[in-house]
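Step one of this worksheet: look at the structure below.
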Amino acid sequence: MTGDSGEKGDSTVIDRRRVLGLLGTTGAIGLAGCNSDTGSGGDDEDDESDPNGTTPTGTVGGGTGGVGATTTVQAKALSALPSGSCEQSPRTSETTLEAGPRIESDTTLGSDADVILVESLLTVTSGTTLTVEPGTTLAFGEGASLQIEGTLSAAGSCSSPIVLTGTADRAGYWQGIRFGRNGGGTLDHVLLENGGTDRVAAVDLQSDGIVSMTNTEVRGAAGDAVVVAQSGAFGSFSGNALADNAGVAFRGTVRAAAALDEATAYGDADDRPIVVAASEVPEGETISVGPAGVPYTVAPGGLGGITVAGTLAVAPGTAMEFGSDGYLTVAETGELTADAGGGDPITFGGTQETRGFWSGVAFARTDSTANVLRNVVVRDAGARDDGQGLHVTGNTRLTVEDCRFSNNDATPSGSGRTRRCRRSTATPSRTTPHPSGRPDGPPDSSARTTVSPGTTTAGSTSSPTSSTATLSPRTRPTRGLTPASRYSSNRAAAAPSASSGR
451 MTGDSGEKGD
461 STVIDRRRVL
471 GLLGTTGAIG
481 LAGCNSDTGS
491 GGDDEDDESD
501 PNGTTPTGTV
511 GGGTGGVGAT
521 TTVQAKALSA
531 LPSGSCEQSP
541 RTSETTLEAG
551 PRIESDTTLG
561 SDADVILVES
571 LLTVTSGTTL
581 TVEPGTTLAF
591 GEGASLQIEG
601 TLSAAGSCSS
611 PIVLTGTADR
621 AGYWQGIRFG
631 RNGGGTLDHV
641 LLENGGTDRV
651 AAVDLQSDGI
661 VSMTNTEVRG
671 AAGDAVVVAQ
681 SGAFGSFSGN
691 ALADNAGVAF
701 RGTVRAAAAL
711 DEATAYGDAD
721 DRPIVVAASE
731 VPEGETISVG
741 PAGVPYTVAP
751 GGLGGITVAG
761 TLAVAPGTAM
771 EFGSDGYLTV
781 AETGELTADA
791 GGGDPITFGG
801 TQETRGFWSG
811 VAFARTDSTA
821 NVLRNVVVRD
831 AGARDDGQGL
841 HVTGNTRLTV
851 EDCRFSNNDA
861 TPSGSGRTRR
871 CRRSTATPSR
881 TTPHPSGRPD
891 GPPDSSARTT
901 VSPGTTTAGS
911 TSSPTSSTAT
921 LSPRTRPTRG
931 LTPASRYSSN
941 RAAAAPSASS
951 GR
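Residue numbers (the working numbering): 451 to 952.
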């Protein structure tokens, strides 16, 4: 929107008179309040108390529902934030934007009205900043949306959160926020409610700019809460609540997933709320992924996996579950550091606890000394590469310590140069007899696995050759492992490689 001078770059505060004059609107937003002992604080002419003496609930006139239609706009609470509930004060003043304006100069919303009706697309153009003041409510009409090509500054507080909602209390009523390729900004202490359809996420991040999302609650989406495109990424992401939406909480690349934190509420783990699309860690780039409190579901539906051409560092306690035929492959230029020594184990598994469900972890001719698997569980793998959960080829260097390979189609194998491989176990085939008499009992002493030359499973009774060595037996289970993950079995043991390692 252009300021009075008509020159781009002027700082503009939208007030009621300017909006009515510029857009010719005749619609109005009445007062809106919430159940509170405090008064509305509005002008006397707007303060219409009901017979019960409660704070009035206002209506929006001239909205998308047709002539004479009314919509209630109430004060809102961010009720699901991990840090605790935050509530708005009662709504006291209003204005209406109904012509689908383009904001083309720096603009502030909320200085003159704390309830603003947006009836169609509102675009913030490149090079322009839209500031939404604490305590402001933007109420969007049906199908309306907020497009950010410039910068959005929506920094509320717990005492004065910002609310982006629909003029009707219906999931997916408006289309949410889209950050375009050059868009960026801040969402802090924001409630985004009923935005996002089954095709468009409530927060759709296409941007390769910097977007910060903290202490923000997204609820009532008809589809996904947050979607990050291939080139997009968050600058910071913490303390959010992404529950009570029809779709997943988060969908994006492994690069975007690196921003996720354990302090955010994503919803029930059984619903697989975090989806990581098939993607790559680019050469020369380092991506660190940490625990999110729920597993990362990678490439569900058999749509690929993660290729590491740069550096992928996985923190203790992180769980990744791969779709059918999914994979985690470390390329020649890449390195994978999954080091949970002294912490909760890292888990690479399948979205189904089925032997051979996904392909597994593969190292392909990567000679980096940073390649480490320590206190890692690899399960449900072996769909390809002869059934191994871990497959090592070429001139690979890899340290494997305190790992467990379970419920895979075959035990690990390869021809790389493992630097160290000790105290790791692969549970036996279901056909191997167990003292307990159970097919899924504890590992038998004849269990054998080959991760690379110089390695067999703990307690192997086979005579070592020049390319194998006996590992020390494991005396206690890996921290945090369940009995199912300790004792479920691999289908078969792969023969050791004939090449010698070092």
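Each residue gets a CB set at the ideal place from its N, CA and C atoms; glycine is no exception.
For clarity, every value in this text was computed on a predicted model and none was experimentally measured.
DSSP-derived helix/strand/coil call for ALA527: strand
Measuring straight from C-alpha to C-alpha, what distance separates LEU547 and GLY626? 16 Å
Near ARG834, what residues of its chain come up, given a Cβ to Cβ distance below 6 Å and the 5 sequence neighbours on each side ignored? SER809
Return the CA-CA distance between GLU569 and ARG620, expressed in angstroms with no decimal places. 16 Å
C-alpha gap between PRO892 and TYR716, whole angstroms: Interpretation of PRO892 is limited by its pLDDT of 33, a score under 50 that renders its predicted location unreliable; no figure is taken from the coordinates.
Could you have a look at ALA679 and say whether DSSP puts it in helix, strand or coil? coil
From the DSSP output, in three-state form, read off GLY837 for me. helix
Return the residue from the list PRO750, LEU753 and THR703 that minimises the CA-CA distance to VAL731. THR703
Is VAL698 helix, strand or coil by DSSP? Judged by DSSP in its simplified three-state form, VAL698 adopts coil rather than helix or strand.
Can you tell me which of the three DSSP states ARG854 falls into? strand
Pick helix, strand or coil for VAL613, following the three-state DSSP scheme. VAL613 carries a strand assignment under DSSP once its states are collapsed to helix, strand and coil.
Are there three or more Cβ pairs, one per stretch, closer than 8 Å when the region 589 to 596 is compared with the region 611 to 620? Contact between the region 589 to 596 and the region 611 to 620 is present, because at least three Cβ pairs lie under 8 Å.
Strictly by DSSP, which residues pair up with ALA769? THR797
Three-state secondary structure (DSSP) at ARG829? strand
In this structure, does DSSP put VAL744 in helix, strand or coil? coil
Is GLN524 near the ligand SAM, going by C-beta to nearest heavy atom under 8 Å? What this structure holds is no ligand at all, so the ligand SAM is not there to describe.
DSSP beta-bridge partners for CYS536? LEU528
Under the assumption that PRO765 contacts VAL739 (Cβ atoms under 8 Å), give the Cβ distance between them as a whole number of angstroms. It should be pointed out that residue 765 corresponds to Ala in this sequence rather than to Pro. The pair is a contact, with the Cβ atoms about 7 Å apart (cut-off 8 Å).
Contact set for GLY734: own chain, Cβ-Cβ below 7 Å, skip 5 residues either direction: GLY760
Using a Cβ-Cβ cut-off of 8 Å (strictly less than) and excluding sequence neighbours within five positions of ALA530, which residues of its own chain qualify? GLU667, ARG669, ALA691, ALA693, ASP694 and ALA715
For GLY793, which residues of its own chain have a beta-carbon under 6 Å away from its beta-carbon, when the five flanking residues on both sides are left out? PRO766
For PHE813 and GLY600, what's the separation of their Cα atoms in angstroms? Taking the straight line joining both Cα atoms gives about 42 Å.
If distances are taken between C-alpha atoms only, which option among THR801, ASP852 and ASN821 comes closest to GLY831? Checking the displayed sequence, the identity of residue 831 turns out to be Ala instead of Gly. The shortest C-alpha separation from ALA831 is found at THR801.
Can you give me the start and stop residues for the alpha helix (DSSP H) that VAL650 sits inside? Here VAL650 belongs to no alpha helix (DSSP H), and DSSP marks it neither H nor E.
Under a Cβ-count criterion, where at least 16 other Cβ atoms within 10 Å of its own Cβ denotes burial, should SER535 be classed as buried or exposed? Around the beta carbon of SER535, fewer than 16 other beta carbons lie within 10 angstroms, which makes this residue exposed.
Three-state secondary structure assigned by DSSP to ALA728: coil
Look at THR849 and ARG829 and say whether their C-beta atoms are less than 9 Å apart. No; because the gap between Cβ atoms is not below 9 Å, this pair is not in contact.
Between which two residues does the alpha helix (DSSP H) harbouring ARG815 extend? No alpha helix (DSSP H) contains ARG815, which DSSP labels as neither H nor E.
Does THR736 pass the burial test, meaning 16 or more other C-beta atoms within 10 Å, or should it be called exposed? exposed
List the DSSP bridge partners of SER688. THR664
How is ASP638 classed by DSSP in three states: helix, strand or coil? strand
Paired residues, beta bridge with ASP789 - DSSP: DSSP, once it has assigned bridges, lists ARG824 as partnering ASP789.
Write down every uninterrupted run of the beta strand (DSSP E) in the region 557 to 612 whose length is 3 residues or greater and which is fully enclosed by it, in chain order. 557 to 559, 565 to 568, 571 to 574, 579 to 582, 587 to 590, 595 to 598 and 601 to 605
What does DSSP give as the partner residue(s) for LEU710 in the beta ladder? Note: LEU710 sits in no beta bridge, so no partner.
Only counting the same chain, and skipping five residues up and downstream in sequence, which positions put a Cβ closer than 8 Å to that of LEU806? The sequence shown places Gly at residue 806, not Leu. The residues are ASP830, ALA831, GLY832, ALA833, GLY837, ASN858, ASP859 and ARG941.
On the three-state DSSP scale, how would you describe ARG631? Coil at ARG631, not helix or strand.
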